[in-house]
Amino acid sequence: SMGALYADVVTNYPEHGSLSFSPFFAAINTFDPENIVPCIPGRSKPIIVHAPSREAFKGTRDILACMEELRSEGLDFELVRPQKMPNRELKQLLHLADIVIDALGCGGHGILANEAMASGCVVLGINNSEACPLPLHRPIIPVNRTNLKEQIRRAVLDVPFRRRVAEAGLEYVNAVHLPA
Numbered sequence: 116s117m118g119a120l121y122a123d124v125v126t127n128y129p130e131h132g133s134l135s136f137s138p139f140f141a142a143i144n145t146f147d148p149e150n151i152v153p154c155i156p157g158r159s160k161p162i163i164v165h166a167p168s169r170e171a172f173k174g175t176r177d178i179l180a181c182m183e184e185l186r187s188e189g190l191d192f193e194l195v196r197p198q199k200m201p202n203r204e205l206k207q208l209l210h211l212a213d214i215v216i217d218a219l220g221c222g223g224h225g226i227l228a229n230e231a232m233a234s235g236c237v238v239l240g241i242n243n244s245e246a247c248p249l250p251l252h253r254p255i256i257p258v259n260r261t262n263l264k265e266q267i268r269r270a271v272l273d274v275p276f277r278r279r280v281a282e283a284g285l286e287y288v289n290a291v292h293l294p295a
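With the working numbering applied, the sequence shown corresponds to residues 116 to 295, in that order.
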């Protein structure tokens with residue numbers, strides 16, 4: 116675009132797809148690893164956290180409806196929904212959790228997903244490599260409104276799978292998202 120010729124920084128989001136044809140620097144979000152202690156619990160009854168910064172944007176209504184449906188089908192889990200929790204307390208909660216359901220939608224992931232992976236949680240969320248190709252090989256279980264129920268069920272029931280994804284997430288976030 117003409118604006119890109121004169122800009123100091125160009126931020127490319129999936130909905131601005133025409134910018135993807137130009138060379139660009141992909142900004143990788145970082146997070147503060149202070150007070151994050153990794154733990155991969157592997158419980159048969161997992162603790163699932165959904166902590167949206169903005170419920171409408173993160174698909175909370177659909178996520179909660181899906182969780183209720185799974186619970187009514189007999190799936191055993193504990194759902195924790197912190198509201199306006201200070202980051203230090205959220206990091207402590209993530210240390211105890213098994214699974215974090217971040218968001219539905221397209222594109223990449225944010226700080227919560229990074230903090231969750233660094234804590235040893237499996238993250239279900241946005242992981243669309245076509246819309247947001249970098250960074251590569253994100254170990255985030257991709258969810259959307261169509262596959263959410265099956266992906267949650269698998270993450271809850273398949274403990275070895277959950278452990279493998281959590282270990283990959285911990286390795287990934289420490290290699291890619293820690294501040295320099």
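Beta carbons are placed, not taken as given, at the ideal position from N, Cα and C, and that holds for glycine.
Based on Cα-Cα distance, which residue from the options lies nearest to residue i?
| i | options | result |
| --- | --- | --- |
| PHE192 | PRO254, PRO201 and CYS181 | CYS181 |
| ASN202 | ILE151, HIS252 and ARG186 | ILE151 |
| ASP177 | ASP217, ILE162 and ILE256 | ASP217 |
| ARG253 | GLY284, ARG260, LEU219 and PHE172 | GLY284 |
| ASN242 | ASP147, PHE276 and GLY220 | GLY220 |
| ILE255 | ILE163, THR261 and VAL238 | VAL238 |
| GLU184 | VAL274, LYS264, VAL280 and ARG277 | LYS264 |
| PRO197 | GLU188, SER187, ARG169 and ARG186 | ARG169 |
| LYS173 | VAL274, MET200, ARG268 and VAL258 | VAL258 |
| LEU179 | ARG260, PRO148 and LEU205 | ARG260 |
Check the DSSP bridge columns for residue i and list the partner residues they point to.
| i | result |
| --- | --- |
| ILE151 | ILE151 is not bridged to any residue. |
| PRO257 | GLY240 |
| ASP162 | The sequence shown places Ile at residue 162, rather than the Asp named in the question. DSSP, once it has assigned bridges, lists GLU193 as partnering ILE162. |
| ILE267 | Bridge partners of ILE267: none, in fact. |
| VAL215 | VAL164 and VAL238 |
Rounded to whole angstroms, how far is the Cβ of residue i from the Cβ of residue j, which I believe are closer than 8 Å?
| i | j | result |
| --- | --- | --- |
| HIS165 | LEU194 | 7 Å |
| GLY235 | HIS224 | So it is not a contact: roughly 16 Å between Cβ atoms. |
| ARG279 | ALA270 | In fact, because the Cβ distance is near 11 Å, the residues do not count as touching under 8 Å. |
Please classify residue i: does DSSP put it in a helix, a strand, or coil?
| i | result |
| --- | --- |
| LEU194 | strand |
| MET182 | helix |
| PRO201 | coil |
| ASN262 | coil |
| ARG278 | helix |
Are there any heavy atoms of the ligand ATP lying less than 8 Å away from the beta-carbon of residue i, as far as the coordinates show?
| i | result |
| --- | --- |
| ASP273 | Looking for the ligand ATP in the displayed structure turns up nothing, as the structure carries no ligands at all. |
For residue i, decide whether its Cβ has a neighbour in chain D, counting only Cβ atoms nearer than 9 Å.
| i | result |
| --- | --- |
| VAL288 | Looking for chain D here will not work: only one protein chain is present. |
Subject >> contact_flag[the stretch 283-291, the stretch 226-234] where n(CB pairs < 8 Å) is 3 or more >> reply: yes
Subject >> Three CB pairs or more closer than 8 Å across the stretch 156-166 and the stretch 209-221 >> reply: yes
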